[in-house]
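In this text, residue positions in the sequence shown follow the UniProt record's numbering: the first is 1, and each later residue adds one.
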Amino acid sequence: MAVNNLIDQLNNLQIKIGIVTASQRGHPQLCVDNGYFFRVYSENESKICWRCIEQNCKAKCVTQGKAFENEYQVSFKDNVDKEHTHGPKPTKFELKEKRRKLKEVTVACSKVVSSLGPRQILTSVVNEVKDPEAIANMPSYNADRQCIQRYKKKNRPDYPPEPKTLADIEFPVFLTETLENHEGETEAFLLYDSGKDDPNRFFIIATKKI
Numbered sequence: 001m002a003v004n005n006l007i008d009q010l011n012n013l014q015i016k017i018g019i020v021t022a023s024q025r026g027h028p029q030l031c032v033d034n035g036y037f038f039r040v041y042s043e044n045e046s047k048i049c050w051r052c053i054e055q056n057c058k059a060k061c062v063t064q065g066k067a068f069e070n071e072y073q074v075s076f077k078d079n080v081d082k083e084h085t086h087g088p089k090p091t092k093f094e095l096k097e098k099r100r101k102l103k104e105v106t107v108a109c110s111k112v113v114s115s116l117g118p119r120q121i122l123t124s125v126v127n128e129v130k131d132p133e134a135i136a137n138m139p140s141y142n143a144d145r146q147c148i149q150r151y152k153k154k155n156r157p158d159y160p161p162e163p164k165t166l167a168d169i170e171f172p173v174f175l176t177e178t179l180e181n182h183e184g185e186t187e188a189f190l191l192y193d194s195g196k197d198d199p200n201r202f203f204i205i206a207t208k209k210i
């Protein structure tokens, strides 16, 4: 009898998979069942505990990670934790992903080409939203443009003032290193500076790798 009960439980078992996107403030949000969203309310080294973002909804779940774009198996303590007091919002995921990637692209572009315009940045994420209903609910161009300007302002490097003489030239660390590679590593390329006291000051700029 116990074996039969176990078989029934296994047959009724539903493995849910959630994918992590970002909230408006850039915090991880877990999307489950195509439109239910959870925020982190506690975590430790082995698990992340999530609670539904909707007020007065007590649905909760657990995953083993919270990295953006990653999928995780979702665990519920019991059936009570699975129940929501509201319906799903299936169009929200694509809109959240568009906003998250818009921020990522803006920050990355700001490090390389600070003069890149909002329209050029938006072009790189325009295909993130495919659902017709989600497209109908997309923010206006002006709203996206304002977001891009905020992201740029927040992440703009602290450039030194424009030098008037050779002695005035300053190199912050971020101006002496290459951009990050796919492993997140940088390499110094300012190999030599003859110094501010040198009236004929000169620099040697190169990388050690061929």
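Glycine included, each C-beta is placed from N, C-alpha and C at the ideal position.
ask   = Is there at least one Cβ from chain B nearer than 8 Å to F68's Cβ?
value = Looking at the structure shown, chain B is missing, and only one protein chain is on hand.
message = Quick check on DSSP: helix, strand or coil for S110?
response = Helix at S110.
key: Identity of the residue in K154, P172, N155 and K153 nearest E162 by Cα   = Of the listed residues, the one whose Cα sits closest to E162 is P172.
message = Whole angstroms are fine: how far does the CA of R100 sit from the CA of G87?
response = Looking at the two C-alpha atoms, the distance is approximately 24 Å.
ask   = From D168 to F37, what distance separates their C-alpha atoms?
value = If you draw a straight line from the Cα of D168 to the Cα of F37, it comes to about 52 Å.
query = If we ignore side chains and look at the alpha-carbon of each, how far apart do K96 and K130 end up?
reply = Computed Cα separation, rounded: 13 Å.
In DSSP terms, what R51 is bridged to = R39 and K60, per the DSSP bridge assignment.
With 16 other Cβ atoms within 10 Å as the buried cut-off, status of G18 = Looking at its Cβ environment, which holds 16 or more other Cβ atoms inside 10 Å, G18 is buried.
Nearest-angstrom Cα separation, counted from E128 out to residue 211 = Residue numbering for the chain in the displayed model covers 1 to 210; residue 211 lies beyond these limits and cannot be assessed.
query = How many angstroms separate the CA atom of C49 from the CA atom of A59?
reply = In a straight line, the C-alpha of C49 is about 11 Å away from that of A59.
inquiry  = Considering Cα atoms alone, identify which of E71, S42 and H182 is closest to C31.
reply    = Of E71, S42 and H182, the residue nearest in Cα terms is E71.
query = Going by C-alpha distance, which of V74, T85, N79 and I204 is nearest Q55?
reply = Q55 has its Cα closest to that of T85, out of V74, T85, N79 and I204.
request  = Locate the alpha helix (DSSP H) running through V32, then write down its first and last residues.
outcome  = Here V32 belongs to no alpha helix (DSSP H); instead the beta strand (DSSP E) covers P28 to V32.
Span separating the alpha-carbon of L166 from that of L179 = About 25 Å.
task = Measure how close the beta-carbons of T91 and A134 come, nearest whole angstrom, since I'm counting them as under 8 Å.
result = Between the beta-carbon of T91 and that of A134 there is about 4 Å, and that keeps the pair under the 8 Å contact cut.
task = Could you pull out every residue in the same chain whose Cβ sits closer than 7 Å to the Cβ of S110, ignoring the five residues on either side in sequence?
result = The residues are K152, N155 and R156.
request  = Under the assumption that L116 contacts C147 (Cβ atoms under 8 Å), give the Cβ distance between them as a whole number of angstroms.
outcome  = Cβ atoms of L116 and C147 stay farther apart than 8 Å, at about 15 Å.
task = Apply the 10 Å Cβ neighbour rule to D197 and answer buried if 16 or more other Cβ atoms are within range, or exposed otherwise.
result = Taking all protein chains shown into account, D197 has fewer than 16 neighbouring C-beta atoms within 10 Å of its C-beta and is therefore exposed.
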